[in-house]
Structures are given as structure tokens and as C-alpha cells.
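A quick write-up on the structure given underneath.
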Amino acid sequence: MRLRNKPWATDFIASHPNVVIPNPEEHIGKWQAVFGNDNPLHIEVGTGKGQFVTGMALQNPDINYIGIELYDSVMVCALEKAIAANTPANLRLLKVNGADLLTYFEKGDVAQVYLNFSDPWPKVRHAKRRLTHEGFLKLYESILVDEGEVHFKTDNRGLFEYSLMSISAYGMLLKDVSLDLHVNMPVDNVMTEYEERFSAKGQPIYRLEAKFQT
Ligand code: SAM
């Protein structure tokens, strides 16, 4: 997702270092100090406008959340959402590329990774950019606790099928798979902006939970 250029976004983000962490590489291995507690840390790669990560932070005050987004123009919406929710103490945002996770996190820093409605990159030559490609799975494994989990939701059947195969081939254990999440919507499901949009059109939402094996 890339929104219309917002020239003010970069300054607005920089003026909220309490939410969008500047120089996040300085906190590698020390994220507990940022949050002031040793609660588990869950991250969402490709946060978009932030409804999911903010909703999860409000719903689960004993878990710390970091939303990661590539673009200022999108991150600024997530920042506004966090501010509108009174800036939950357990929520931070990083304006960085998920491909660089190892710059910001080390083994054991993260307890869970969320991927929601990730860009599908349908062309085979772009497969490495899919957030469930083997290369990304390796990154997640490198920063997660032992037996850490990846939770993934999408409306895109092709990306979901690819992800099931990629995750299985990597040797991860599939814990839960849903081909229509909203039929029996879990009570604790927090919808993303894309999830609201696609489910309103009647499209099924696919979801999986997978964990790395030691
Ligand atoms: N998760 C949101 C939702 O479900 O509403 C947004 C989905 S949108 C299709 C995907 C988002 O992931 C975009 O905002 C895009 O900028 C971001 N994104 C894609 N690749 C990324 C990467 N490598 N690192 C960080 N963000 C990324």
C-alpha cells in the first residue's frame, strides 16, 4: 500500500518518538527496556494503517506490540490511530523494511510474528518479496523465541496456497488453518483495514498459525 505523498508525514512521525521509535537498531536485544517490562513482544510486519496492532495492544495489555511499516505516508495513519487510542503504553511503531529485521531484533526478542494481508507479489520473479517466502521465514526464525509462531491472514487464495507450501517445506508445524475465518469468527479476532474491506465484499478470509520446531 502506498498512499498519496504527504509532505508533512515525515515531520509528524519525527515529532512522536515516544511511538515511532527513532534509531530502532539501538534497541536490539533490549526491547524490554523500551517498554519498561519483560512482557512478550509480538510484531506485525506490514502494519499498514495500524488498526490491527492498535486493537491488539488495547485488547492485550500484558503483551507488547510493534507494528512495522515501510512507508511514511502509511505509517502516519498508524501513528494517528495510536494517538486516537490514547497511545497505549504497550505499542510502538517502526518505520523500517521488514527485510531488515535482523538489524533491529536478535534471537529471542520476539514471541510472535503477525502478517496480515501481505502484498501478494503474484509474479514468480517477485516470489522472494512475499513475506512468507523462505527467506523471510528464516528471518522470523532468527528473531523468535524457540517454537515461536507466525500468524497469517489474507484474502488472497494464491498467496495463501503458496504460504501453506512454503511454511510446510520450511519444516514449520501448522497449528491451525481456516479457509473462511469469519464463518466461526474467533471472539478475539481483531480485524485489519483490509480484512474489513474484503469481508464486506463477501470474500473469505484465510488464516493460518504455524510454529517453528526446535
Ligand atoms: N496489514 C494491513 C491490513 O491488513 O490492512 C495492510 C495490508 S497492505 C496490503 C500491506 C502493507 O505492508 C503495506 O502498507 C506495505 O507498505 C507494507 N509492507 C510491504 N512490504 C513490507 C516490508 N518489507 N516491510 C514493511 N512493510 C511492508
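Under my numbering, the sequence shown is numbered contiguously, ending at residue 640. For each residue, glycine too, the CB sits at the ideal point set by N, CA and C.
- If you check the CB distance, Ala-504 and Leu-517 do not come in under 7 Å.
- Between the stretch 588-598 and the stretch 620-628, the count of Cβ pairs shorter than 8 Å is below three; the stretches do not touch.
- Looking only at Tyr-566, Pro-546, Ala-537, the smallest Cα-Cα distance to Arg-583 is reached by Pro-546.
- The three-state secondary structure of Gln-538, taken from DSSP, is strand.
- Sequence-distant Cβ neighbours of Glu-532 in its own chain, meaning closer than 7 Å and more than five residues away, are Ile-454, Gly-455, Ile-569.
- For Glu-506, the secondary structure class from DSSP, reduced to helix, strand or coil, is helix.
- Placement of the Cβ of Ala-525 at a distance of less than 6 Å from at least one heavy atom of the ligand SAM is found.
- Taken through DSSP and simplified to helix, strand or coil, Leu-585 comes out as helix.
- In the structure shown, Val-445 adopts coil according to DSSP, grouped into three states.
- A check of alpha carbon separations from Ala-525 across Glu-470, Val-500, Met-482, Phe-578 identifies Glu-470 as the nearest.
- CA-CA distance, Asp-581 to Val-613, rounds to 19 Å.
- DSSP assignment within the stretch 566-628 yields the following whole beta strand (DSSP E) runs of 3 residues or more, N-terminal first: 570-580, 599-604.
- Within its own chain, the residues whose Cβ lies closer than 7 Å to the Cβ of Glu-619, once the five positions on either side in sequence are excluded, are Gly-474, Lys-475, Gln-477, listed in chain order.
- Straight-line spacing of the CA atoms in Val-445 and Thr-513 works out to 7 Å.
- If you check the CB distance, Lys-601 and Lys-637 come in under 7 Å.
- Not a single heavy atom of the ligand SAM lies less than 6 Å from the C-beta of Thr-480.
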